[in-house]
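Residue numbers (full-length UniProt numbering), protein chains in the order written: chain U, 1 to 200; chain V, 1 to 200. The beta-carbon is built from N, C-alpha and C at its ideal position, and this holds for glycine as well. Read through the structure below, which is laid out as structure tokens, and then see the notes.
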Ligand SMILES: [Zn+2]
Ligand SMILES: [Zn+2]
């Protein structure tokens, strides 16, 4: 191969990005080297700072630069209500709707046995420990309105009931089959208000 | 915004990549932080090393880690034939076809006045200086078989004729409207062999 080794390594390294195959990686590398070397340096710095500085909130698993995220660390949030979501993007979407004052738990995915994603990967033990503490009265299951999101919500509802925590599912209003993070704030507010209790 | 500052900066920095909008940038950042922190560190290092180590060959403008690329520095290449291409990927494709022993000139684009890409951006002065040196007998115009690639080839042909260099256009065989870098080696070998002289 006629490319310099550092270029080959860059093309290879860009393939760690999701959805980037060999041709896109090459196009990205050429673009950076030809037209945006400042952008490349900034990206390198941002990657290092993100990897070095960002962990997970130890209560809710949200990305955080401190041990607790600002929501869990705040004393103006209602700690008796916990909203369980699949992704940090869902926390951002619900916060932007301005319709929720409780706290969160971020699964970072949904149950997906074929992909090896089970209770351990989603932090169910940590979630159960929160239920066991006794502060949480209600858990709002705001996983996506997909088959996997519904299944995950049902498993967590069982877990909550075992600890006398009331599970509720975010109301429809979120388009069925839709991804939570793409829903507008008004719809999210409506869906939160119209939640219904799950129980036996 | 509820994301930690370092995450916001990473999402913003990823947008320097071509074809990456806000949602893809967010998905990429989440993926790296959740599942591939080693990949992120490797990417940061590769970016720094590429930006620090890769320049352009001072003869042919190919990406190179030394002042001259290995092809221009080699004394086993035929310096009397110069093949003009749009992109470093085209050099790689022609080299892989194993059908060419001359040298190259990499335009890094094609004439595109609406995008502000003219003779200066494509190194025409440098190309003319090569013609003026008198070593080059023939220039093979292997720009893409597109309207812009053809136009660029014709302008360079005029330049070559002014310096008593014989211009030729890579033969059809490369699919019309096609991008050179996606063509297989056999087709490229055929197209190079079937080139025809451009002249007045
Ligand atoms: Zn938290
Ligand atoms: Zn060179």
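Against chain V, does residue i count as a neighbour if the rule is that its beta carbon must be under 7 Å from one of theirs?
| i | result |
| --- | --- |
| residue 84 of chain U | no |
| residue 7 of chain U | yes |
| residue 127 of chain U | no |
| residue 205 of chain U | Residue numbering for chain U in the displayed model covers 1 to 200; residue 205 of chain U lies beyond these limits and cannot be assessed. |
| residue 140 of chain U | no |
| residue 95 of chain U | yes |
| residue 232 of chain U | With chain U represented from 1 up to 200, any question about residue 232 of chain U goes unanswered, as that position is not in the structure. |
| residue 50 of chain U | yes |
Quick check on residue i - is its C-beta less than 7 Å from some C-beta in chain U?
| i | result |
| --- | --- |
| residue 18 of chain V | yes |
| residue 47 of chain V | yes |
| residue 158 of chain V | no |
| residue 79 of chain V | no |
| residue 10 of chain V | yes |
| residue 53 of chain V | yes |
| residue 189 of chain V | no |
| residue 179 of chain V | no |
| residue 2 of chain V | yes |
| residue 132 of chain V | no |
| residue 203 of chain V | Lying outside 1 to 200, the shown extent of chain V, residue 203 of chain V is not represented and no answer is given. |
| residue 13 of chain V | yes |
| residue 44 of chain V | yes |
Quick one: residues in its chain with C-beta nearer than 7 Å to the C-beta of residue i, no 5 flanking neighbours on either side, listed in chain order?
| i | result |
| --- | --- |
| residue 153 of chain U | 141, 143 and 169 |
| residue 102 of chain V | 77, 78, 81, 82 and 83 |
| residue 29 of chain V | 7, 10, 11 and 14 |
| residue 189 of chain V | 97 and 99 |
| residue 59 of chain U | 68 and 72 |
| residue 155 of chain U | 111 |
| residue 135 of chain V | 79 and 80 |
What distance in whole Å lies between the Cβ atoms of residue j and residue i, which are believed to be in contact at a cut-off of 8 Å?
| i | j | result |
| --- | --- | --- |
| residue 109 of chain U | residue 122 of chain U | 6 Å |
| residue 17 of chain V | residue 16 of chain U | Rounded, the Cβ-Cβ distance is 13 Å, inconsistent with contact. |
| residue 33 of chain U | residue 131 of chain V | Actually they do not touch by this definition, with Cβ atoms about 27 Å apart. |
| residue 157 of chain U | residue 198 of chain U | 5 Å |
| residue 99 of chain V | residue 192 of chain V | 5 Å |
| residue 26 of chain V | residue 89 of chain U | 6 Å |
| residue 106 of chain U | residue 61 of chain U | 4 Å |
| residue 148 of chain U | residue 165 of chain U | That belief does not hold up - the Cβ atoms of residue 148 of chain U and residue 165 of chain U are roughly 22 Å apart, past 8 Å. |
| residue 146 of chain U | residue 177 of chain U | 6 Å |
Between residue i and the rest of its own chain, which residues show a CB-CB distance below 8 Å, the 5 nearest in sequence each way excluded?
| i | result |
| --- | --- |
| residue 117 of chain U | 109, 110 and 111 |
| residue 186 of chain V | 97 |
| residue 65 of chain U | 53, 54 and 55 |
| residue 3 of chain U | 11 |
| residue 159 of chain V | 124, 127, 128 and 131 |
| residue 21 of chain V | 15 |
| residue 196 of chain V | 168, 169 and 171 |
Which residues in the same chain have their Cβ closer than 6 Å to the Cβ of residue i, if we skip the five residues on either side of it in sequence?
| i | result |
| --- | --- |
| residue 40 of chain U | 32 |
Checklist entry - Just checking, does the segment 134-143 of chain U make contact with the segment 157-172 of chain U on the three C-beta pairs under 8 Å criterion? => result yes
Checklist entry - Would you call the segment 180-194 of chain V and the segment 90-103 of chain V in contact, with 3 or more CB pairs under 8 Å? => result yes
Checklist entry - Three or more beta-carbon pairs under 8 Å between the segment 79-89 of chain V and the segment 73-85 of chain U, yes or no? => result no
Checklist entry - Of all the residues that make up the segment 26-42 of chain U, which are near chain V by a beta-carbon distance shorter than 8 Å? => result 26, 27, 28, 29, 30, 31, 32, 33, 34, 36, 37, 39, 40, 41 and 42
Checklist entry - On the three-pair Cβ rule with 8 Å, is the segment 51-59 of chain V touching the segment 50-59 of chain U? => result no
Checklist entry - According to a CB-to-CB cut-off of less than 8 Å, which residues of the UniProt zinc finger region "C4-type" (57-72) of chain U neighbour chain V? => result 62, 63, 64, 65, 69, 70 and 71
Checklist entry - If contact means a Cβ-Cβ distance below 7 Å, which residues of the segment 105-117 of chain U contact chain V? => result 108
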